[in-house]
Structure formats: structure tokens, C-alpha cells
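Written below as C-alpha cells is the structure these notes are about.
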Amino acid sequence: MKLLVLSDLYIRGTRIGGAPNNNRPAGAYYITQLARENGIDATNIDYFMSWPRQLLIESILKWFDNEKECHIGFSGSIDVSGLDAYKEIVLELKKDLPQLKVMLGGFREPGGDSSWVDILLVGRCANIFLDYLQGKDISQYKVYDNPPGYKNPHGVITDKPVTPVISKDDFWCNQEPLTIELSLGCKFNCSFCGYDYRNNKNPQIAKLEDVVESLQTAYDVAGITRFFLADDTINEVDDKLELLCEAQKHVSFTPEFMSFVRLDIMGAKPHQIDLMKECNLTSHFYGIESLTPEVTKLIRKGGKPEKNYEILRRVKNEFPEAFTFGNLIVGLAGDSEKNVLESCKKLVDEQLLTSGGCNALRIYSNITNDEIKSEIDKNPAKFGYNIIATDTIDWDNIGYGSDAWETDWTDSYKVEKLSNAIDEYLGENLESVFTAHEMFSFSTLVPGYSISEYNSMLPVFRKEHTRMVKKYIKKKSQFLLGDK
Ligand code: SF4
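In the numbering used here, each residue's number is its place in the sequence shown (first place is 1) plus 35.
Written as C-alpha cells, this is what we have:
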């Protein structure tokens, strides 16, 4: 049996324009690693949309070598980009490999024509994936018919945190940050959050030896020193930061990390600044959401805004090398335009963040996968929102649409404009125009510049990315074709 997983996170849409993505999805590597551990010949093809189509088809056909049992998977992203290209490739391959079985993973909802797909794996379900490959009965997990879609029961964590161990045949290089995960599950239940493992009292934490192996292999095989932590929050407890500090002691280099961080928890546990310095967590994404006291209570996140300002001041003074990005949600019940503007002005006047941005609140009603609904999606009225039209924003490309709503001070139409204006204001008046993820990616791709210099380097990133991917395609195609 052979398994091939394709991926391409493709374009990163920044505030100032699109840039190619130099991140490969860790899930795709987790899947092939698991397959190999279970005796299946498995490999990955990344950046597949940048491959010359003919070379890609020839390389895949050669690698499968007319294997009797062959499976192809697509590790998709939430915005379903690349799905059409994947379909074309699959249909082309099936002319020579009619036995090819087609998998889709990474999506949260089925959508569009799926007659060409054999199995859709929704959410985290490596257990179902393995059972399927081993021909076991997976009917108990079935949730959709077209295509047959499977997922684990809500909130049940069956996977381990993803700590990929890359190999030489994956042809990574040190211009790509590797994504790893220290835990699965979040113990909080913020009302706007659609993370499927929220409200989980027993988050699973990765084993030290797995983290060390993942980091050290990335360094040994490809010289990688920079890592994204995929955890939805890194600091709800100290354990994960302590795990990183310990891991640092067991590797032969100094890794650097980027992560989502809960600012209000840092406010309550300011000693975490020292832990973050110690483990080199130098890039932070704070989902601040709001700095209005009435709102933070309602959304069950944020604590006392004054404490948040205070901890931002401390991070700025005590950890000045940290890149800090804060994101706000505009339109939350209990807020006001005046409050939002004043909060942003304060952030700018004191330069409390390296960069900041904001989004308009979105409420979704037509999601069939119930577990990715936030508490607000499930019962908008309870949280102060009146739905005035359903499914008004045509987000075809993510498979579901959001509703129009009104609340005590605004509605979804007005908020869209306000959010754009604030986003622009923060972009123009803080040091960086990029989010923490963007900056971490770009500075890994093209290292060595100051934060403000990166603001005008999109053309450089594009050029360097093309060069890097070309090199990857050359090596990976040679491997698949058996030339090397
Ligand atoms: S927003 Fe973050 S902290 Fe809140 S429930 Fe979601 S993952 Fe947890």
C-alpha cells in the first residue's frame, strides 16, 4: 500500500497584499508519519500548485508505480484553496491509476461536487484514517453522505499533539518554519470561539522526548531553527512554557518560537514573561478582542483591560525583542465606537504593540458541523445579537457564510467599515504592518532585516519564495522519479 499527501497553503493574504506561504501543514506530516509507523509506504508533496503540472503527474505516477492499493490525500486549509487544482490532478491520475482512492482532510464542512472523493476526514481523526487504511469498520464515525465524511465525537481527543519528525526525503530547508504542537485542547470557553477542543478540562500535553526529537531532527535534517506553535493558547498554564524551556536544554541549537498567547493570563501571571524569555518565545499573537471592561466579561475573555495595558507595558520594557501582535474584534455587544477608538489610540500612543489588527465580528448560522459553532453562533440572542439576515456574506471559498446582525450599538454593515478603518489606523501607526505569523514566516524566508524594513519587502519575499520552491520541486521530483 502507498499513500501520498499533497499540500499547499498557497497565498498568505497580508494587509498590504498577497505573499506566498512558506509554511507546510504539520497535519500532512503527522499523517504520513503515522502511516509509515504502520508499515505503509508514505510521502508528501508540498507546494503542489507551483509544480509544472506534467512533472507533477509524471512524478506521482512513477512513485505509485502501479501499486495495487494506492491512496492520495489532500491536506486542505480551512479556506479550501487548492481544492479545484487537486480535483483536476486526481481526475488526470485516475486515467492511469483507476484504483486510486481519494481522501480529503483539513476541511470542516463538505461543500460542492464531491463525487470524485472516496472519503472526507473532518477535524482531528488520525484514528479513523488508520482504521480506514487497515480496512476496519468506521461506520460509527460517519456524519456525511456526499462524500462519505467521518469525524470523531465532539470534544473527544484521540490524537496526540503533532510533533512532526521530518526526513531527508521531505527536502525542507531553513527558510521554512516547522509547525509543532505542544498540546491539544483548551480549558476555556470564550463565547465567540469556534475551536472544537475548547472547554476541555483535560488538555493533552506533548511528551518532552517527542518535542525534542521533532526540534532536533528539523535542525539536523534541514537546519531549521524557527518553529510555529500551533496551540490555540500557549500559556493558560505554565506547563507548556516549562516544557519548552526543558526542551531547549536537550537540543544542540537555540530554537525560536512563535505562538498564540493569552494576554490576560500573562497579566495574572507576569512571571510568564521570564519563562517566555527563557524558552525564546519571541513572537506573540494576542487575541485581545476587546479592551472594554463590559465586553470582556460578556465574552468570557480578556479580564480587566487596565491589567492588559499594564502587562503590555511590562513586555515592552522587559522583553523588548519580542514581536507582539494584538488582534481586536469590533462589533461585540457592550462595546462602543468611542471605546474601540480610544483603546486603539492608547495602543498607538504608547506603542504597546509591534503590530495590531482587527476583524468585524462574524456570526455563522448555516454550519452543519455543530462543534465549530461558537456559543454566540449557537444562541446569538443570549449574547445580545439580533440576526437580521442569514448567510449574507458570500464566502463561497470557505464553504459557509456569515449572517447580518445588530447589537446594542451597531450592526454588521457599519462594523465592516469601522473595522477596516481601525485596521488601517493600526497598520499605519504601529511599527509593523504584518501579523506575528506573517512576520515570523517572512523573517525566516529572508532573515536579517529590521522590523520596519520588512514592511516594504513583499516583492523580495515573492522572489525568494519562487527560488526556494523551485529548488524543492527539483529535488522532490528527482526523488519521486527515482533519479536520486
Ligand atoms: S479563544 Fe482561545 S482561550 Fe478562548 S476558548 Fe478559544 S482557544 Fe480557548
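Idealized CB from N, CA, C, for every residue including glycine.
Original post:
Got a sec: does ligand 2 put a non-hydrogen atom nearer than 8 Å to the Cβ of residue 221?
Top reply: No copy of ligand 2 occurs in the structure displayed; its ligands are ligand 1 alone.
**OP:** Note the first and the last residue of the continuous alpha helix (DSSP H) segment covering residue 107.
**Re:** In the DSSP assignment, residue 107 falls outside any alpha helix (DSSP H) and lies within the beta strand (DSSP E) extending over 105-110.
**OP:** Name the one or two DSSP bridge partners that residue 261 has.
**Re:** The partner list for residue 261 (beta bridge, DSSP) reads 291.
Original post:
Is the beta carbon of residue 212 sitting closer than 9 Å to the one on residue 455?
Top reply: No, Cβ-Cβ distance for residue 212 and residue 455 is not below 9 Å.
Subject >> For residue 222, the first and last residue of its enclosing beta strand (DSSP E) >> reply: Counting along the chain, residue 222 falls outside any beta strand (DSSP E), and DSSP gives it neither H nor E.
Original post:
Applying the criterion that 16 or more other CB atoms from any shown protein chain within 10 Å of the CB defines a buried residue, is residue 506 buried or exposed?
Top reply: Exposed.
Original post:
Counting Cβ pairs, one atom from each stretch, are 3 or more of them under 8 Å apart for the stretch 464-479 and the stretch 358-377?
Top reply: Result yes; three or more Cβ-Cβ pairs closer than 8 Å.
Subject >> CA-to-CA distance, residue 214 to residue 183, given in whole angstroms >> reply: So the alpha carbons of these two residues sit roughly 29 Å apart.
**OP:** Pull up the CB-CB distance for residue 390 and residue 470, whole angstroms please, since I reckon it's below 8 Å.
**Re:** Taking C-beta atoms under 8 Å as the contact rule, residue 390 and residue 470 qualify, at a distance of about 7 Å.
Original post:
Do the CB positions of residue 269 and residue 305 come within less than 9 Å of each other?
Top reply: Against a cut-off of 9 Å, the Cβ pair of residue 305 and residue 269 comes out as no contact.
**OP:** Name the two residues that bound the continuous alpha helix (DSSP H) containing residue 494.
**Re:** For residue 494, the enclosing alpha helix (DSSP H) has its first and last residue at 493-516.
Original post:
Is the closest heavy atom of ligand 1 to the C-beta of residue 331 under 8 Å?
Top reply: No, the Cβ of residue 331 stays beyond 8 Å of every heavy atom of ligand 1.
**OP:** For the alpha helix (DSSP H) containing residue 314, list its first residue and its last residue.
**Re:** For residue 314, the enclosing alpha helix (DSSP H) stretches over residues 307-314.
Original post:
From 457, 128, 138, pick the residue whose C-alpha is nearest to that of residue 109; which is it?
Top reply: The residue with the shortest Cα to Cα distance from residue 109 is 138.
Subject >> Minimum C-alpha distance to residue 290 - residue among 308, 116, 405, 318 >> reply: Nearest C-alpha to residue 290: 318.
Original post:
Where DSSP assigns a beta bridge to residue 446, which residues make up the other side?
Top reply: Answer is 441, bridged to residue 446.
Original post:
Near residue 70, which residues of its chain fall below 6 Å by C-beta distance, leaving aside the five closest residues on each side in sequence?
Top reply: In its chain, beyond the 5 residues on either side, 38, 77 have a beta carbon closer than 6 Å to the beta carbon of residue 70.
**OP:** Assuming residue 457 contacts residue 379 (C-beta within less than 8 Å), just tell me the rounded distance between them.
**Re:** The Cβ separation is near 6 Å, so the contact holds.
**OP:** State the CB to CB distance for the pair residue 121 and residue 44, rounded to an integer number of angstroms; the pair is presumed to be in contact (CB under 8 Å).
**Re:** Not a contact, Cβ separation roughly 13 Å.
**OP:** Could you tell me if the beta carbon of residue 312 falls within a distance shorter than 8 Å of some heavy atom in ligand 1?
**Re:** Residue 312 Cβ: outside cutoff for every heavy atom of ligand 1.
Original post:
Taking 8 Å as the cut-off, does the CB of residue 268 come closer than this to any heavy atom belonging to ligand 1?
Top reply: Set against 8 Å, the gap from the CB of residue 268 to the closest heavy atom of ligand 1 is smaller.
**OP:** Answer yes or no: the CB of residue 228 versus the heavy atoms of ligand 1, is any distance below 8 Å?
**Re:** Flag set: Cβ of residue 228 near ligand 1.
Original post:
Can you tell me the Cα-Cα spacing of residue 243 and residue 281, whole angstroms?
Top reply: About 8 Å.
**OP:** With a threshold of 8 Å, establish whether the CB of residue 48 neighbours any heavy atom of ligand 1.
**Re:** Checking every heavy atom of ligand 1 against the Cβ of residue 48, none is found closer than 8 Å.
**OP:** Note down, one range per segment and in chain order, each beta strand (DSSP E) of at least 3 residues found wholly within the stretch 197-251.
**Re:** Within the stretch 197-251, the complete beta strand (DSSP E) runs of at least 3 residues are 213-215.
Original post:
Per DSSP, residue 268 is paired with what?
Top reply: For residue 268, DSSP assigns no beta-bridge partner whatsoever.
Subject >> Three-state secondary structure (DSSP) of residue 76 >> reply: When secondary structure is reduced to three states using DSSP, residue 76 falls in the strand class.
**OP:** Would you give the residue range spanned by the beta strand (DSSP E) that residue 394 belongs to?
**Re:** Secondary structure note for residue 394: its beta strand (DSSP E) is the uninterrupted segment 390-395.
Original post:
Exposed or buried, which one is residue 518 when buried takes at least 16 other CB atoms within 10 Å?
Top reply: Within a 10 Å sphere around the beta-carbon of residue 518 sit fewer than 16 other beta-carbons, which makes this residue exposed.
**OP:** Could you tell me if the beta carbon of residue 336 falls within a distance shorter than 8 Å of some heavy atom in ligand 1?
**Re:** Annotation for residue 336 indicates a beta carbon within 8 Å of some heavy atom of ligand 1.
**OP:** Quick one: give me the first and last residue of the alpha helix (DSSP H) that residue 477 is part of.
**Re:** Element bounds for residue 477: 471-480.
**OP:** Tell me whether residue 271 counts as near ligand 1, meaning its Cβ is closer than 8 Å to at least one heavy atom of that ligand.
**Re:** Result yes, Cβ under 8 Å from ligand 1.
**OP:** Apply the 10 Å Cβ neighbour rule to residue 411 and answer buried if 16 or more other Cβ atoms are within range, or exposed otherwise.
**Re:** Buried: at least 16 other Cβ atoms inside 10 Å.
Original post:
In this structure, does DSSP put residue 139 in helix, strand or coil?
Top reply: Annotated three-state conformation of residue 139 is strand, per DSSP.
Original post:
What's the gap between the Cα of residue 36 and the Cα of residue 96?
Top reply: Whole-angstrom Cα-Cα distance: 14 Å.
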